[in-house]
Amino acid sequence: MTTTPSHPPARTGLRPGHWLLIALVGLLLAGAVFVIARRDSAHDPQATSSTPTPTTAPATDSAAIRPDCVPQITATGLTPRLPGTYGFTYTAACDQVVRELGFQVTALDAKGAVLAGSSPDVVSGGVLFPGHTLAAAGEVPVHGKTPAKIRVEVVHYLVESPDAYTAWARDLQVVDLVRGKPDELGTFTITGSLHAESETLPLCVAGYVLLLRDKAGEILYAQQQLATITRTPTFDVAPTDDMDFAHTQIFALQTPRTEQPPRAGVTCDGR
1 MTTTPSHPPA RTGLRPGHWL LIALVGLLLA GAVFVIARRD SAHDPQATSS TPTPTTAPAT
61 DSAAIRPDCV PQITATGLTP RLPGTYGFTY TAACDQVVRE LGFQVTALDA KGAVLAGSSP
121 DVVSGGVLFP GHTLAAAGEV PVHGKTPAKI RVEVVHYLVE SPDAYTAWAR DLQVVDLVRG
181 KPDELGTFTI TGSLHAESET LPLCVAGYVL LLRDKAGEIL YAQQQLATIT RTPTFDVAPT
241 DDMDFAHTQI FALQTPRTEQ PPRAGVTCDG R
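Residues in the sequence shown are numbered consecutively from 1, following full-length UniProt numbering.
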């Protein structure tokens, strides 16, 4: 009688040799991924690009970094009777349009050092067209101290071609300024009328800035009105010594009313 030889039961797990093979394959795959990643980073400019400096803005499809377009701070001033209240003007420095402007304002002492106990203020600017000057106003927290002057730094901006603003009203001026009669406390009003070169294009005025100056043109007082749609801005002003009304100015600040970037033929409100 022939007998059938018995066999050991079949193994259900992996043998040690199998685990070694799997480990080797894993190492090879990891090495390949590392080489590919290194090769990709060598050709990807974002992999080695540095963070933009605080005074520049990241480039987009319609914006570029142009250090030569950082606006020039052309005048600064403090209100003597309101410590920390400031105003300044900024002027276009190139032939491009600059928007999304951000300024940091720091209070300084008589020696030019940062005023002890003060905090910097950040204020936004309007769309700045080539050849134009705008103004800003605000208040630096000085906690009861009196600064001697301020330092203004541009901390953010975007630069775009004027071709993207063909449907914008560019030349806005506040004219026909009128000084009202003072009340019993000496407070008076200053009113102006907004004038645009086109009566058909929409206006996206986000606010107005009033600057009072002395006879030498130095800024004595500044005030800003935000989120206004009026074309006849009116400011209430307390008595200001040495003010020369002939040097008074009101600036109109425009900002886009749409999240879409400006482009040719599109108005400031996206139409």
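Note that the Cβ used here is the ideal one computed from N, Cα and C, for glycine as well. This one's a predicted model, so the numbers in the text were calculated from it and none came from an experiment.
Around the CB of F245, fewer than 16 other CB atoms lie within 10 Å, so the residue is classed as exposed.
Every beta strand (DSSP E) stretch that sits fully inside the stretch 202-246 and reaches 3 residues is listed by chain position as 205-213, 219-226 and 234-237. In this structure the stretch 126-136 touches the stretch 245-260; the number of beta carbon pairs closer than 8 Å is three or more. Annotated three-state conformation of D176 is strand, per DSSP. Residue burial annotation: T200 is exposed, with fewer than 16 other C-beta atoms found within 10 angstroms of its C-beta. Within the DSSP secondary-structure output, E153 pairs in a beta bridge with Q104. When DSSP states are grouped into helix, strand and coil, A252 belongs to the strand group. DSSP places D269 outside both helix and strand once states are collapsed to three, so it counts as coil.
With contact defined as three or more Cβ pairs closer than 8 Å, the stretch 192-210 and the stretch 221-237 are in contact. Short of 7 Å from the beta carbon of T258, and not among the five residues preceding or following it, lie these beta carbons of its own chain, in chain order: D269 and G270. By the Cβ-count criterion, S119 is exposed, with fewer than 16 other Cβ atoms from all chains shown falling within 10 Å of its own Cβ. By the C-beta density criterion, L220 is buried, having at least 16 other C-beta atoms within 10 angstroms.
When rounded, the separation of the alpha-carbon atoms in Q225 and V205 is 11 Å. When DSSP states are grouped into helix, strand and coil, D163 belongs to the helix group. In the structure shown, D68 adopts helical secondary structure according to DSSP, grouped into three states. Residue environment for L82: exposed (fewer than 16 other C-beta atoms within 10 angstroms of its C-beta).
The C-alpha of K111 is placed about 44 Å away from the C-alpha of A164.
In this structure, DSSP gives H195 an extended state, which the three-state scheme calls strand. In this structure, the CA atom of L158 is about 25 Å from the CA atom of E197. I65 and T76 have their C-alpha atoms roughly 26 Å apart. Annotation: V98 to V155 spans about 13 Å, alpha carbon to alpha carbon. Straight through space, the alpha carbons of Y90 and P71 are spaced by roughly 6 Å. In the displayed model, S119 falls within coil according to three-state DSSP, outside both helix and strand. The beta-carbon separation of P147 and A107, rounded to 4 Å, stays under the 8 Å limit for a contact. Looking only at Y86, L101 and V105, the smallest Cα-Cα distance to E153 is reached by V105. Pairing G87 with A137 gives a Cβ-Cβ distance under 8 Å.
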